[in-house]
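Below is one structure, written out as structure tokens, with a few remarks after it.
Numbering (my numbering), first residue to last: 40 to 260.
Take a look at the structure:
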């Protein structure tokens, strides 16, 4: 079985990056086009320089968690919106898979945040992981993780999940029904006399706290 030489893989990756930076539908292409004309440097080199700056910031900068979350959310959200409007279904599957993996990763991160925060260069690794998951290729990180880990796990526990969802749905419906009934009963128990007494109390409070100002205004007139 033949394998692709590393040089060919590197050249293929460079070509994909170049295609991305020259794609008219990619908002980043317009930004790097303007930078290319202003700085008189090829946009590919500007892109690699920008990537290096991001890596350095993720290593020594502050607020790196927010930056990584933006990287993992903004571009996928934009591509998901484009996928909704397109007639193709492949991109829908790609980004649905990404969001499933993103949600599972966020859930794991929530419960292990204290431990993960002590790992050196954690946010740099997280950034690389998310970029791997959103790469425009068939076997990107999302596809690998979903088909090898998440999908088998869901299949094994599918009945348990279905029972939990049905039970939660029933409890939510019963709770909403009880709350609506309680509000309806409370509204029905309010009489005309209660409304009149409330108006009298309001009038007394107005006279007590605001009546003095009215009398002073009359004296000044």
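We put the CB at the ideal spot given by N, CA and C, even for glycine.
CA-to-CA, the gap between residue 201 and residue 114 works out to about 32 Å. The stretch 82-92 makes contact with the stretch 53-72, as at least three CB pairs between them are under 8 Å. Under the three-state reduction of DSSP, residue 60 is assigned to helix. For residue 173, the uninterrupted alpha helix (DSSP H) run begins and ends at 161-173, by DSSP. With respect to residue 166, residue 95 sits apart: the two C-beta atoms are not nearer than 8 Å. The continuous stretches of alpha helix (DSSP H) do not include residue 188, and DSSP gives it neither H nor E.
Between residue 176 and residue 137, the gap from beta carbon to beta carbon reaches 8 Å or more. Contact fails between the stretch 200-214 and the stretch 150-161, because fewer than three Cβ pairs, one in each stretch, are under 8 Å apart.
Under a 10 Å Cβ-count criterion, residue 238 is classified as exposed, with fewer than 16 other Cβ atoms of the shown protein chains found around its own Cβ. Residue burial is scored here from C-beta neighbours: residue 133 has at least 16 other C-beta atoms within 10 angstroms and is therefore classed as buried.
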